[in-house]
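Below you'll find the structure, written out as structure tokens, and then a few comments.
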Amino acid sequence: MNIYESLLYTAKNYPDKLALVYKGQKETFPELLNKVQRLMTSFQTLGMKKGEKLAIYLPNCPQYIYAYLAALGLGVTVVPLDPSIKQHELKNILAHAEVNYLIAKELFTFDLPSFKKTITDIDNLINNSQSAVPREELIKEKELAIIIYTSGTTGRPKAIPLTYRHLDSPVATMKYFDLIEPFKVLICYVPLSHAGGLVYLLMLACTGSTLVLGERFTPGRFLKDIETYGVTASWVPPTILEAMLKTREINKVRLDSLKLIVYFGAPASPRLLKEFEERFPHVTGITGWGLTESAAPNVLLPKNAPPEKRFRKGILGKPAPWVEIKIVDDKGDELPCNEIGEILLKGWFVMPGYYKEPELTKEIIKDGWLYTGDLGYLDEEGYLYITGRKKEVIITGGINVYANEVEFVIAEHPKVAEVAVVGVQDGLRGEVVKAVVVSKNGLQISPQEIIHFCRKKLSGYKVPRVIEFRNELPKTPLGKIKKTELING
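In structure tokens form, the structure reads like this:
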């Protein structure tokens, strides 16, 4: 995908439509294009060259989008960074990615062989640009477009390289599942530094979707923006959906414009999906799945899927036609329908390998198959389900327990707002199941209530033997739960 050409086409075909809304600031597609073009020219004046690397270290803001699009238009590799990372982490990433330029709110200087300059004046570069007609570069599909560093729920971040060809994947998947039309006005409160933020950026540039951008998620503001700007669709992790349902403002909004919610990043419990749709029956909720390593999404639940599928535990959806999926056991042998194993993906959308990590790449890509680390199964109709992460399987007394299965059950308890399940060491059984619970609206709930509730729905060995209550669960910036921080709580 040549994203600059896509933006040119979009600006020409939607000359009067709003492209971007941020804190009341509004601009049309031609206005957005003009700023991107002027910034491209200024980047070229600074000496920025195709193939060099530009890191963006900002919170969500229009300048993030201008810089992202301008760099991709010049064939400069973008390294989008979350502003919550610390300075020593920033330096390590800049060194690993061999970054040449950094965009940040403050001036940083780093003694690194590749590093040239920190840019803190994006608006000045745009306003003082001598020309709005940049010199265009010939960009090839296999050239490196983006390096995304995972926020990581475990271990150190990994660098995921995506080519310009990979940028076709999210848009193509959305088109195949007939989701482009509802994306008339989108709302993005997830970090632009993450794969979810990239999908919003692609929808903006390629489909003519208006993007309502938020700096950081607060449920009340999110709901208010949906109503104020007539948002029609959004994709959010289940943690954001949960927060929306818990806030007082949910009783003050109608969300008449909203047509579609796509849940991603972690499997949402059926209870959560039903609760949202019962409150807003005009909104269709669907699940989506994929990895940053596979230019997600790769799997989506069809809008016309029957209720018995839509609200089934662990449902993810169906793969796009170009997405090969198989389920394998620990030996790598393919499993039949309805048997749980590791989910493997194959196709042009899969990354070539972790950046500068050949040994790590060998562990995750074998014979062209991407070993996702997610456990799940396919049913007879080709629907994919998830049961948990391979690293999160709890082996108690020699029997496997899948964390998601226990989480789905506990989430159904009327007093439970959030739950995460992990395994903790036990001298007799090896591991036992531990549940970390956040109660709903501060309601009193005892460990015995949770255990009794689980015994009605789960086999005895799956019932948590350790219950811990917390005010909140530790999460990454994208809303994924950091389970490693729950084991020794």
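Position 36 of the sequence shown, counted from 1, bears residue number 36 in the UniProt record's numbering, the numbering being contiguous throughout.
We put the CB at the ideal spot given by N, CA and C, even for glycine.
Inter-residue Cα distance where the pair is residue i and residue j
| i | j | result |
| --- | --- | --- |
| CYS61 | ASP178 | 29 Å |
| THR154 | SER131 | Unreliable placement is indicated for THR154, whose pLDDT of 43 sits below 50; the coordinate value is still reported in the next sentence. About 46 Å. |
| THR470 | ASN400 | A small correction: the amino acid at residue 470 is Arg; Thr does not occupy that position in the sequence shown. Distance between the alpha carbons of ARG470 and ASN400: 26 Å. |
| THR218 | ALA403 | 28 Å |
| TYR263 | PRO306 | 17 Å |
| GLY373 | LYS483 | 15 Å |
| VAL419 | VAL466 | 13 Å |
| LEU260 | ALA104 | 34 Å |
| residue 492 | ARG38 | A question about residue 492 goes unanswered here, because the residues of the chain that appear run from 1 up to 489. |
| ALA19 | VAL236 | 20 Å |
| GLY197 | THR109 | 27 Å |
| PRO447 | GLU407 | 15 Å |
| GLU381 | ILE180 | 25 Å |
| GLY460 | ALA435 | 15 Å |
| LYS356 | PRO474 | 30 Å |
| GLU215 | ILE250 | 20 Å |
| LEU102 | GLU52 | 11 Å |
| GLU485 | LEU69 | 36 Å |
| LEU443 | LYS415 | 6 Å |
| ARG221 | LEU360 | 41 Å |
| VAL79 | LYS91 | 13 Å |
| LYS303 | ARG165 | 27 Å |
| ILE450 | HIS413 | 8 Å |
| LYS158 | LEU125 | 32 Å |
| GLU334 | ILE327 | 6 Å |
Buried versus exposed, by CB contacts within 10 Å (16 or more), residue i
| i | result |
| --- | --- |
| ARG254 | exposed |
| ASN13 | exposed |
| ARG389 | buried |
| PRO134 | buried |
| GLY152 | Because the pLDDT at GLY152 is just 49, under 50, the model does not fix this residue reliably, and the value given afterwards should be weighed accordingly. With fewer than 16 other Cβ atoms within 10 Å, it is exposed. |
| ASN441 | exposed |
| ASP16 | exposed |
| LEU192 | buried |
| HIS194 | buried |
| VAL348 | According to the sequence as given, residue 348 is Trp; it is not Val. Counting Cβ neighbours within 10 Å, TRP348 comes out exposed, since fewer than 16 surround it. |
| ASP82 | buried |
| residue 552 | The shown model of the chain, from 1 to 489, leaves out residue 552, and the question about it has no answer. |
| LEU162 | buried |
| LEU428 | exposed |
| GLN44 | buried |
| GLY290 | buried |
| ASP225 | buried |
Cβ-based neighbour list, residue i, same chain, cut-off 6 Å, excluding 5 preceding and 5 following
| i | result |
| --- | --- |
| GLY73 | TYR4, MET40 |
| ILE160 | ILE148, THR292, GLU293, MET351 |
| PHE280 | LEU255 |
| LYS457 | VAL409 |
| GLU227 | VAL253 |
Neighbour flag for residue i against chain B, beta carbons, 7 Å
| i | result |
| --- | --- |
| HIS96 | Absent from the structure is chain B; it holds one protein chain and no more. |
Range covered by the beta strand (DSSP E) that runs through residue i
| i | result |
| --- | --- |
| PRO80 | 77-81 |
| PRO161 | 159-163 |
| GLY376 | 369-378 |
Range covered by the alpha helix (DSSP H) that runs through residue i
| i | result |
| --- | --- |
| PRO319 | Note, PRO319: premise wrong, no alpha helix (DSSP H); beta strand (DSSP E) at 315-319. |
| THR361 | 358-364 |
| THR207 | 195-207 |
| SER169 | 168-176 |
| ILE445 | It is not in any alpha helix (DSSP H) - ILE445 carries neither H nor E in the DSSP assignment. |
| ILE93 | 87-97 |
| PHE110 | Counting along the chain, PHE110 falls outside any alpha helix (DSSP H), and DSSP gives it neither H nor E. |
| THR239 | 238-246 |
| TYR68 | 62-74 |
Neighbourhood of residue i by C-beta distance below 7 Å, restricted to the same chain and skipping five residues each side
| i | result |
| --- | --- |
| GLU137 | LYS50, LEU74, GLY75 |
| GLU431 | ILE394, ILE395, THR396, GLY423, VAL424, GLN425 |
| LEU167 | MET1, ILE3, ALA145, LEU202 |
| ILE487 | VAL422, VAL424 |
| TYR64 | ILE56, LEU58, LEU192 |
| VAL139 | According to the sequence displayed, residue 139 carries Ile and not Val. Excluding residues within five positions, the ones whose Cβ falls inside 7 Å are ASN2, GLY75, TYR164. |
Sheet register partners of residue i (DSSP bridge)
| i | result |
| --- | --- |
| ALA420 | VAL436 |
| LYS326 | LEU344 |
| VAL212 | VAL21, ILE187 |
| GLY288 | LEU300 |
| LEU102 | ALA55, THR118 |
| PHE276 | Beta-bridge pairing links PHE276 to no other residue. |
| ALA233 | LEU186, LEU260 |
| GLU334 | VAL328 |
| GLN425 | GLU431 |
| ARG389 | ASP374 |
| ILE467 | ALA435 |
Same chain, Cβ closer than 8 Å to residue i, neighbours up to 5 away in sequence not counted
| i | result |
| --- | --- |
| TYR176 | ALA320, PRO321 |
| GLU242 | LEU272, ALA417, GLU418 |
| TYR385 | ARG312, LYS313, GLY314, ILE315, LEU316, GLY376, TYR377, LEU378, ASP379 |
| ILE122 | LEU39, GLN63, TYR66, ALA67, ILE103 |
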